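**Student:** Residue numbers (the working numbering): 5 to 1059.
Just so it is clear, CB atoms sit at the ideal spot from N, CA and C, and this is done for glycine as well.
Everything numeric in this text was worked out from a predicted model, so none of it was measured.
Here it is: the structure, laid out below.
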């Protein structure tokens, strides 16, 4: 696979995974999510930090509110091994469910008695991340936990959201794996220092068995990792293979690989990725063992032994390893408890294994193949290029950089405040540093410099008011002995000590020579900030090495090692400091947005961060709220009222004033209607209010000399189906940004299903009749006024009378009207029925009154009509019904809004192929577009960037769809429809439901694409069959399938 293909695959897999994660969090009843997420930790203090991160993940919408979360430390902070930690975490989860008050059900026998939680827990779907231990090779990540290090992939998709973490991306990948368990309970285990990028949505897990994810690798890599040996009988698929595991090897030589028959036909072997699952009975056995594991854990602790997940525990599922396992600690118990089930290898060929084992690997993943999806500036404050020197390739996240700072190429700055007179080299990492400018003095006195390829971070310590500054070289391995390749700041550690005049006894008092390394060297002084910075420069070799003043200060100071730091971190202080820092950054961004901008940022999200400062954050939000009236007044000519009101609504909610927020929402929607009317027709809103507000006596002037002229008009229109581009036609998007829609007018069952008959009568007043038997006679047309009742069955016709000017222009003063309407399609069809019926009535009224009945005028009037009705909606429905055939329509913001309709000259072959392959299916699910529309428009007015980027993508797909149809590439149209459907669910997960999901899953083997028409939520579906024969077969299967009870309509393109 080429590097370019890898890069494309990484972006594709991550986007698809994040889409699925968001869907499962926002609608977990439709898209199943994890019942529980468990993290293992090295100590109670680290577990407390992880609990804080889990709460953050829930708050930010990374974990569903229904999911139980838990961080489990190793008992008493003792190392027990990843296998024992797994069992301990299962036990702790059962106890946690008990604390939460869940009903466990009947008791089950376990190894040392009975446990009532086995059946309960074995039905759950649990994600477990092994994230405990220390990160010696990534020491700056130790305070936060390596699994929570920043990884700004796709950060630009959500610029006002928090910086994506490695943990967040792991959650995204894991969310897709949940489907592999279906309704059978199970455990899915991943490691906290690896991002395995693969399409987990395709994953297949055998029933009642354990599984391990593998990937083919070359033999040189295999020699340093675990290898899986599988049987030759296997289940093959396009991108994966499932086969029984025969053996497990650890760091095998080539000879061992040959002897064990572990080499594949292409010369590679299978790498153990560390992703392990247990499903059904295998999970039940594991739960039973976990619920009875405490005596076993105590035995391990007392004997100072460990049980590995990847060597010991999984060996219980591999019969060839049983003899070896029985000789291991507690091996006999593992075989007896778990050995009845088997383990399978799920080999995925497209997996990319992003390992975060060293600091240099972290930087590599930010600057290598994936650099195109890296957000290099996120929630940060950086100075102008004329007062700083910041390399374009550097990554600055959640940080404030002052003027006068220099940052070199490919460096990472995270969660920091860097004041002036600081120079950071290339390929360096700075985390959690908060350098106050007063501690640096003037540039002439002291300028702090961090050389190339160095790491610098701060740690708050238990029992100390300040923080300790820590540093090392990017490639330093703190585990290496001082006498064997040990380095500090990239130089041999022995030489560094000699140059500085430091004795080994200064750093190590109790360690034997071979155990002396950077990890346990008491190197880092705890002093005032400026003293620590100056000694950092000295220790890094940037100052006079034999400076007596500095070595004396260093020797006399209290010092700590990296190892001691790991056990002394003040996690609450670190969490509070990070929260307050990010809240201050969000507040600064929001303030700049109000002072200098046009409210272009997502205030709802920014306030979410600001409120992490609690009472202080609330005061900040209230100050912003106080500025709203003045801001609106100053920018009323260029800032839309709807946007200004929405910001005020978001700020009211942030301040906890929900009643006022609800009241103001009415102004938001009123402003949208007013702005739409203004963009569609000059002075329309003013003319409407002015005319309908006249006294009755002024309007009801009789005209005895006017001769009654009977007139009758009949308007019949098709329905429309949309391929792609919907939502880009909807105000206020279409009033501010370009829109593009590809849709098609069709007949159903051989007829035009929507229509109206309008005729004049010599009886004054207006009579309205619809096809459901509702009738109304309006004696005084001037009484028609907005707003209309939501349940008024005649509000569409009433709105049409207003927008056409029939009432205001005295047309009905001496002539009556009889209006009959019908729509022979199911209610809530999604075929644009309401808008097309409105277009028919408007057209008929304009014909009766000799008005401008051009399609363009009618389309724009219907846009206003829908705002008057209170349903909202865009222009694509009426365009779809008014203009025949397939068309690509663009809208251009302005006053008036301009529409450009481009008909596609479809060949007879294309028409025939579409009519034979495209199934138009009524799902039987009733939907109301305005319910979906309300959510989507609100998110747009909030400037939700995920929504904005999704609609932008829909407009691009509309252009691609046009090209595909013009070139008769119908299969490509199917791909476009499917991507459009995914994007619609990104806009609102409730646009689909379980029934529709089942319908599309059933149709998938026969189809090349599918979607619901319109806004979704039910109604009609479009399913594009792979070919004519598949179309016939699918139609027959759907009509015969008792579960679906859908109707497949006969249709044809309305030319």
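1. Could you please give the first and the last residue of the uninterrupted beta strand (DSSP E) stretch that includes residue 474?
2. Hey, how far is the Cα of residue 1021 from the Cα of residue 985?
3. Between which two residues does the beta strand (DSSP E) containing residue 884 stretch?
4. What residues match up with residue 763 in a beta bridge as DSSP calls it?
5. In three-state terms, what does DSSP make of residue 201?
6. Whole-angstrom Cβ separation of residue 820 and residue 778, contact assumed at under 8 Å?
7. Would you mind working out which of 662, 992 and 512 sits nearest residue 31, comparing C-alpha positions?
8. Is the region 34-46 touching the region 129-137, taking contact as three or more C-beta pairs under 8 Å?
9. Exposed or buried, what is residue 749 when buried is set at 16 or more other beta-carbons lying within 10 Å of its beta-carbon?
10. Answer yes or no: do residue 144 and residue 435 have a C-beta to C-beta separation smaller than 8 Å?
11. Per DSSP, what kind of secondary structure is residue 278 in: helix, strand or coil?
12. Report the option in 42, 68 and 59 whose CA atom is closest to the CA atom of residue 77.
13. Between the region 305-325 and the region 95-112, do at least 3 Cβ pairs fall closer than 8 Å?
14. Check whether the Cβ atoms of residue 758 and residue 824 lie closer than 8 Å to each other.
15. With DSSP collapsed to three states, give me the class of residue 1014.
16. Count the other CB atoms, across all protein chains shown, that sit within 10 Å of the CB of residue 833; report buried if there are 16 or more and exposed otherwise.
17. Starting from the C-beta of residue 235, find all residues in its chain whose C-beta is less than 7 Å away, skip the five residues before and the five after it, and write them out in chain order.
18. Please go through the region 931-994 and give each complete alpha helix (DSSP H) segment of 4 or more residues, from N-terminal end onward.
19. Mind checking which residues open and close the alpha helix (DSSP H) that includes residue 614?
20. With burial defined as no fewer than 16 other Cβ atoms inside 10 Å of the residue's Cβ, what is the status of residue 616: buried or exposed?
21. On the DSSP bridge list, what partners appear for residue 356?
22. Starting from residue 453, follow its DSSP beta bridges and name the residues at the other end.
23. Which residues does DSSP pair with residue 119 in a beta bridge?
24. Is the Cβ-Cβ distance between residue 453 and residue 546 less than 8 Å?
25. Have a look at residue 172 and residue 351 and give me their C-alpha separation to the nearest angstrom.
26. Can you tell me whether residue 463 is buried or exposed? The criterion is at least 16 other CB atoms within 10 Å of its CB, across all chains shown.
27. When you compare the region 593-604 with the region 485-496, are there three or more beta-carbon pairs, one atom per stretch, that lie closer than 8 Å?
28. Give the secondary structure of residue 268 by DSSP, where H, G and I count as helix, E and B as strand, and everything else as coil.
29. Within 10 angstroms of its Cβ, does residue 455 collect 16 or more other Cβ (buried), or is it exposed?
30. At 4 residues or longer, and completely inside the region 202-233: list those alpha helix (DSSP H) runs for me, N to C.
31. Quick check: residue 651 and residue 962, are their CB atoms within less than 8 Å of each other?
32. Have a look at residue 1043 and residue 279 and give me their C-alpha separation to the nearest angstrom.
33. Taking 8 Å as the cut-off, decide whether the C-beta atoms of residue 1017 and residue 725 are in contact.
34. In whole angstroms, what is the alpha-carbon distance linking residue 400 and residue 550?
35. Alpha carbon to alpha carbon, what distance is there between residue 880 and residue 730?
**Tutor:** In brief:
1. Here residue 474 is taken as the residue at index 470 of the chain shown, counted from 1. Start and end: 471-477.
2. Taking the chain shown and counting its residues from 1, one reaches residue 1021 at position 1017. Taking the chain shown and counting its residues from 1, one reaches residue 985 at position 981. Roughly 12 Å between the two C-alpha positions.
3. Within the chain shown, residue 884 is the residue found at index 880, counting from 1. Here residue 884 belongs to no beta strand (DSSP E); instead the alpha helix (DSSP H) covers 880-886.
4. Locating residue 763 in the chain shown gives position 759, counting from the first residue. 716 and 822.
5. Translated into the one-based positions of the chain shown, residue 201 becomes position 197. Of the three classes helix, strand and coil, the one that applies to residue 201 here is strand, per DSSP.
6. The sequence position of residue 820 within the chain shown is 816, counting from 1. The sequence position of residue 778 within the chain shown is 774, counting from 1. About 19 Å separates the two Cβ atoms, so there is no contact after all.
7. For the purposes of this step, residue 31 is taken as the residue at position 27 of the chain shown. The residue with the shortest Cα to Cα distance from residue 31 is 992.
8. yes
9. Here residue 749 corresponds to residue number 745 of the chain shown, with the count starting at 1. With 16 or more other Cβ atoms within 10 Å, it is buried.
10. As a working note, residue 144 is residue 140 in the chain shown. As a working note, residue 435 is residue 431 in the chain shown. Cβ atoms of residue 144 and residue 435: closer than 8 Å.
11. Start at 1 with the first residue of the chain shown, and residue 278 comes out as number 274. The answer is strand: DSSP assigns residue 278 an E or B state.
12. The count along the chain shown starts at 1 and reaches residue 77 at position 73. The shortest Cα separation from residue 77 among 42, 68 and 59 belongs to 42.
13. no
14. Here residue 758 refers to the residue found at position 754 when the chain shown is read from its first residue. Here residue 824 refers to the residue found at position 820 when the chain shown is read from its first residue. No.
15. In the chain shown, counting from the first residue as 1, residue 1014 sits at position 1010. Here residue 1014 sits in strand by DSSP.
16. Along the chain shown, one-based indexing puts residue 833 at 829. It is buried - the Cβ of residue 833 has at least 16 other Cβ atoms within 10 Å.
17. For the purposes of this step, residue 235 is taken as residue 231 along the chain shown, with counting starting at 1. Counting only Cβ-Cβ distances below 7 Å, and skipping sequence neighbours, we find 247, 248 and 250.
18. 933-945, 949-970 and 974-991
19. Locating residue 614 in the chain shown gives position 610, where the first residue counts as 1. Here the alpha helix (DSSP H) through residue 614 covers 607-614.
20. Along the chain shown, read from residue 1 onward, the residue named residue 616 stands at position 612. So residue 616 ends up on the buried side.
21. As a first step, residue 356 is located in the chain shown; it is residue number 352 there, counting from the start. 201, per the DSSP bridge assignment.
22. Position 449 of the chain shown, counted from the first residue, corresponds to residue 453. Note: residue 453 sits in a beta bridge opposite 427.
23. In the chain shown, counting from the first residue as 1, residue 119 sits at position 115. In DSSP, residue 119 forms a bridge with 112.
24. For the purposes of this step, residue 453 is taken as the residue at position 449 of the chain shown. For the purposes of this step, residue 546 is taken as the residue at position 542 of the chain shown. Going by C-beta atoms, residue 453 is nearer than 8 Å to residue 546.
25. In the chain shown, residue 172 corresponds to position 168, counting from 1. In the chain shown, residue 351 corresponds to position 347, counting from 1. Approximately 24 Å between the Cα atoms of the pair.
26. Position 459 of the chain shown, counted from the first residue, corresponds to residue 463. It is buried - the Cβ of residue 463 has at least 16 other Cβ atoms within 10 Å.
27. no
28. To locate residue 268, count along the chain shown from 1; it is residue 264. Reduced to three states, the DSSP call for residue 268 is coil.
29. Sequence index remark: in the chain shown, residue 455 carries index 451 (1-based). Result: buried.
30. 223-226
31. The sequence position of residue 651 within the chain shown is 647, counting from 1. The sequence position of residue 962 within the chain shown is 958, counting from 1. Not closer than 8 Å, so no.
32. One-based indexing of the chain shown puts residue 1043 at position 1039. One-based indexing of the chain shown puts residue 279 at position 275. Cα-Cα distance, rounded: 42 Å.
33. Reading the chain shown from its first residue, position 1013 is the one you call residue 1017. Reading the chain shown from its first residue, position 721 is the one you call residue 725. A contact, by the Cβ cut-off of 8 Å.
34. Taking the first residue of the chain shown as position 1, residue 400 is located at position 396. Taking the first residue of the chain shown as position 1, residue 550 is located at position 546. Residue 400 and residue 550: Cα-Cα distance of roughly 36 Å.
35. To locate residue 730, count along the chain shown from 1; it is residue 726. To locate residue 880, count along the chain shown from 1; it is residue 876. Roughly 7 Å separates the two Cα atoms.
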